[in-house]
Every structure is written in structure tokens, then in C-alpha cells.
Amino acid sequence: MQSHGRKYSGCCSFSSLNGNSQNSASFLEAEQRKTIIIFVRNFLCYSCKEYVEDLSKIPKEALEDAGVKLVVIGQSSHHHIEPFCLLTGYSHEMYVDPERCIYQKLGMTREETFTESANPSPHVKSGLLMGQLKSIWRAMTSPAFDFQGDMYQQGGALIVGPGSHVHFCHLDMNRLDHIPINWLLQLAEVEQTVDFSNKSKILHV
Numbered sequence: 001m002q003s004h005g006r007k008y009s010g011c012c013s014f015s016s017l018n019g020n021s022q023n024s025a026s027f028l029e030a031e032q033r034k035t036i037i038i039f040v041r042n043f044l045c046y047s048c049k050e051y052v053e054d055l056s057k058i059p060k061e062a063l064e065d066a067g068v069k070l071v072v073i074g075q076s077s078h079h080h081i082e083p084f085c086l087l088t089g090y091s092h093e094m095y096v097d098p099e100r101c102i103y104q105k106l107g108m109t110r111e112e113t114f115t116e117s118a119n120p121s122p123h124v125k126s127g128l129l130m131g132q133l134k135s136i137w138r139a140m141t142s143p144a145f146d147f148q149g150d151m152y153q154q155g156g157a158l159i160v161g162p163g164s165h166v167h168f169c170h171l172d173m174n175r176l177d178h179i180p181i182n183w184l185l186q187l188a189e190v191e192q193t194v195d196f197s198n199k200s201k202i203l204h205v
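Okay, so the sequence shown: first residue is 1 according to UniProt numbering, each after it adds one.
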């Protein structure tokens, strides 16, 4: 986990739902709000699916009241954005970086590192075996049979803006090393958090 007081420097392209490309640096410079950016491993990864399912439970009004935007970036084709949003119930912004340019610029690795002291992710409900079986089944039943991104690529989380100023950066060490969502909300100065233990509800802090 890292906290930064620097600016994002890099020039990469990523794609939106309709396949249009945007320059990452220009996108950040033009953004006038603080933005939580989640980089997922790949859209077939069971732990990423379950993490994004919990991201979808964040009420839009909670983010709007704090002047914060939520963005998820994957690394598959843009054709997989809509099915993944429908699958997870995610309704905030989502983009893809098929060439993994931004992932590489930020230093996100292509290997997993596990430590004995690591806490289990509060957002991943499936065990390893069942989770992988679910991922394989989704790959087999997908209209386009592919792995929807590099299977070994790790993700991470950033809080940036306004502009390209980086407030916080976390690079995932493995598929379970997600930053707890409520931590991100607090770091982004969102005054409400969500109870993920059973069903989503607002907690005032």
C-alpha cells in the first residue's frame, strides 16, 4: 500500500464501451473531481467479479455528495464491458486497457505473491477451487470464448484528482489483495460507507 503526493505521468490509450479510445493523461487532466480508479486483473477472474459486485453496491448519491467519481479499468476487449457490467450490476464508469499500457506504467506485476500475514479479502466469497470453476464456466459460455485479458496480470487501486494528482496508490500482490472498499471511500473523503456483511446499507461516519 502506498500513498503518493505526485502526479500521474504517462500517455496511454484506453477504450470505452463503444470502442472509442481516450488518452489517459488527457482524461485525468480534464477531470475536475477526485476519482477512485480500480484496475481489475481480468473480467473472468472470480475474485475481481465479486469485488466489482460489491463496488456496485456503493450508492451513486454517496459519491455525488462527496464530489467523487468511481472508475473500473479492465484489460480485455471493449466488447466485454457491457456483459461484465450486466453480470456484476456495476453502473459506474468502466474502461479497458487491452495492451495493459497503464498497468505497466504503474508497475502492476504479472505474478502473484502471497504472505502468511495477509488478511482475507472481505469482498471475495468463493473459495479458490469453486471460484476457478466458475471462471472456466463463464469462459466456456461466453459468446466470445477467450480469457478476457492476461490471466497473470495483477490489478490495483488509485485515488487521483482533481487533475492528475495522485493521492493514494495500491498495487495488488495477488488475486485476493484488494483494498477494502470502505477504506477507499474514507481515503477519498466520502462521508458514507457501506455494510457488505449481508445486504448493502448506508453507514454514516
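Where a beta carbon is used, it is the ideal one built from N, C-alpha and C, also for glycine. Quick caveat, the model's predicted, so the values are computed rather than measured.
Span separating the alpha-carbon of residue i from that of residue j
{"i": "GLU191", "j": "ILE37", "result": "18 Å"}
{"i": "GLY96", "j": "GLY89", "result": "Reading off the sequence shown, one finds Val at residue 96, where the question assumed Gly. About 17 Å."}
{"i": "CYS101", "j": "ASN174", "result": "19 Å"}
{"i": "ILE179", "j": "SER121", "result": "8 Å"}
{"i": "ARG110", "j": "GLN153", "result": "4 Å"}
{"i": "SER47", "j": "GLY163", "result": "30 Å"}
{"i": "THR115", "j": "GLU99", "result": "29 Å"}
{"i": "PHE145", "j": "PHE196", "result": "Bear in mind that a pLDDT of 48 at PHE145, under 50, signals an unreliable position, so the model cannot answer this."}
{"i": "GLY5", "j": "THR35", "result": "Its pLDDT being 41, under 50, GLY5 is placed unreliably in this model, and the coordinates cannot settle the point."}
{"i": "THR193", "j": "TRP183", "result": "9 Å"}
{"i": "LEU70", "j": "GLU112", "result": "26 Å"}
{"i": "GLY127", "j": "GLN104", "result": "29 Å"}
{"i": "LEU185", "j": "ALA66", "result": "10 Å"}
{"i": "HIS165", "j": "HIS79", "result": "30 Å"}
{"i": "SER76", "j": "MET130", "result": "23 Å"}
Which residues DSSP lists as bridging residue i, in chain order
{"i": "PHE39", "result": "ILE73 and GLY156"}
{"i": "PHE168", "result": "ILE159"}
{"i": "LYS34", "result": "VAL68"}
Whole-angstrom C-beta distance between residue j and residue i, which should lie under 8 Å
{"i": "LEU176", "j": "GLY156", "result": "At roughly 13 Å, the Cβ-Cβ gap does not stay under 8 Å, so LEU176 and GLY156 are not in contact."}
{"i": "ILE159", "j": "PHE168", "result": "4 Å"}
{"i": "LYS60", "j": "LEU87", "result": "Going by Cβ atoms, the distance from LYS60 to LEU87 rounds to 19 Å, so no, they are not a contact pair."}
Reference residue i, options the options, closest by Cα
{"i": "VAL72", "options": "PRO98, GLN153 and HIS92", "result": "HIS92"}
{"i": "MET94", "options": "LEU106, GLY74 and GLY107", "result": "GLY74"}
{"i": "GLY82", "options": "PHE196, LEU184, LEU106 and PHE43", "result": "Reading off the sequence, residue 82 comes out as Glu, not Gly. Nearest C-alpha to GLU82: PHE43."}
{"i": "CYS85", "options": "ALA62, LEU106 and SER56", "result": "SER56"}
{"i": "ARG41", "options": "HIS79, ASP150 and HIS78", "result": "ASP150"}
{"i": "LYS125", "options": "GLU189, SER76 and GLU53", "result": "GLU53"}
{"i": "GLU189", "options": "PHE39, HIS165, TYR51 and ALA62", "result": "ALA62"}
{"i": "LEU187", "options": "SER76, HIS79, LYS105 and VAL68", "result": "VAL68"}
| request: Please list the segments of the alpha helix (DSSP H) lying wholly inside the stretch 54-113, counting only runs of 4 or more residues, in order along the chain. | output: Listed in chain order, the alpha helix (DSSP H) elements of length 4 or more contained wholly in the stretch 54-113 are 60-66, 81-88 and 101-105.
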